[in-house]
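Residue numbers (our numbering): 1009 to 1255.
Right under this line is the structure:
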């Protein structure tokens, strides 16, 4: 593990495996980290084929600096930018899981010239607005205003502390309200039994984005973790497809 400091003064932990390019970059989900099953599995797969690979922790996640409840989509967007700009030369293939899928889409919007391809796993674009805010009751919205946060139960971890800043700052990072061009091979992966991100969200993203080589694969019965042996093999196949130029 190595650590570098961003321009904002955040300490970001990462693992970088040298190899041939493009570099595969794994962007984890909300409150997930670079030690997750998919990130570690994909790293081993990349090593076996001599492919450059990088996984990292956003600020407030894993062993990077900061507290989760103080962060927002834009902070983690800055962290992702810093990883790409400071640690990697040349093109990348970004693999984004859940919130990492939103980060991948933000990266594509801001650095399209760096991307050779994209794979998302249960991508969750705009979830702060379309998921959290849209589902909040009037009481929760009032609580968010009065105390600055709402505690949300999670099926996968301890309660999420959803801050007012996370909601409000997320509105500056929405990707489904404006044109979203993905001019490179893209593979969206989605489980039909995902309780955190719906199949409808995956279809909405596919319909909204533009690009000549985009595919959505639905896996019947797969949940949000998307980490069964079959799902992991599908991730491998999708990344390899994109690395080979798609189509």
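Positions of the beta carbon are idealized from the N, C-alpha and C atoms, including for glycine.
Using a 10 Å radius around the Cβ and a threshold of 16 neighbouring Cβ atoms, would you call residue i buried or exposed?
{"i": "residue 1210", "result": "buried"}
{"i": "residue 1199", "result": "buried"}
{"i": "residue 1186", "result": "exposed"}
{"i": "residue 1047", "result": "buried"}
{"i": "residue 1322", "result": "Within the shown structure, residues of the chain are numbered from 1009 to 1255, placing residue 1322 beyond reach of any answer."}
{"i": "residue 1145", "result": "exposed"}
{"i": "residue 1220", "result": "exposed"}
{"i": "residue 1225", "result": "exposed"}
Which residues in the same chain as residue i place their Cβ atom closer than 7 angstroms to its Cβ, once the five residues preceding and following it in sequence are excluded?
{"i": "residue 1102", "result": "1033, 1035, 1112, 1115, 1123, 1126"}
Do residue j and residue i come within 8 angstroms of each other at the CB atom, strictly closer than that value?
{"i": "residue 1203", "j": "residue 1231", "result": "yes"}
{"i": "residue 1018", "j": "residue 1081", "result": "no"}
{"i": "residue 1060", "j": "residue 1028", "result": "yes"}
{"i": "residue 1153", "j": "residue 1178", "result": "no"}
{"i": "residue 1121", "j": "residue 1016", "result": "no"}
{"i": "residue 1172", "j": "residue 1192", "result": "no"}
{"i": "residue 1105", "j": "residue 1037", "result": "yes"}
{"i": "residue 1050", "j": "residue 1024", "result": "no"}
So the alpha helix (DSSP H) residue i belongs to, where does it begin and stop?
{"i": "residue 1082", "result": "1081 to 1095"}
{"i": "residue 1125", "result": "That residue, residue 1125, is in no alpha helix (DSSP H); its beta strand (DSSP E) goes 1123 to 1129."}
{"i": "residue 1154", "result": "1146 to 1155"}
Among residues of its own chain, excluding the 5 on either side of residue i, which ones have a beta-carbon nearer than 6 angstroms to its beta-carbon?
{"i": "residue 1069", "result": "1041"}
{"i": "residue 1011", "result": "1019, 1021"}
{"i": "residue 1228", "result": "1200"}
{"i": "residue 1030", "result": "1099, 1100, 1101, 1124"}
How is the beta strand (DSSP E) around residue i delimited, first residue to last?
{"i": "residue 1219", "result": "Residue 1219 -> no beta strand (DSSP E), and no H or E assigned at all."}
{"i": "residue 1024", "result": "1019 to 1025"}
{"i": "residue 1197", "result": "1194 to 1199"}
{"i": "residue 1247", "result": "Note, residue 1247: premise wrong, no beta strand (DSSP E); alpha helix (DSSP H) at 1237 to 1251."}
{"i": "residue 1105", "result": "1100 to 1105"}
{"i": "residue 1062", "result": "1059 to 1064"}
If contacts are defined as beta-carbon pairs under 8 angstroms, then residue i and residue j qualify, I think. What distance do you get, rounded to the angstrom?
{"i": "residue 1130", "j": "residue 1109", "result": "7 angstroms"}
{"i": "residue 1197", "j": "residue 1242", "result": "6 angstroms"}
In its own chain, which residues sit with a C-beta less than 8 angstroms from the C-beta of residue i, not counting the 5 before and 5 after it?
{"i": "residue 1045", "result": "1233, 1235, 1240"}
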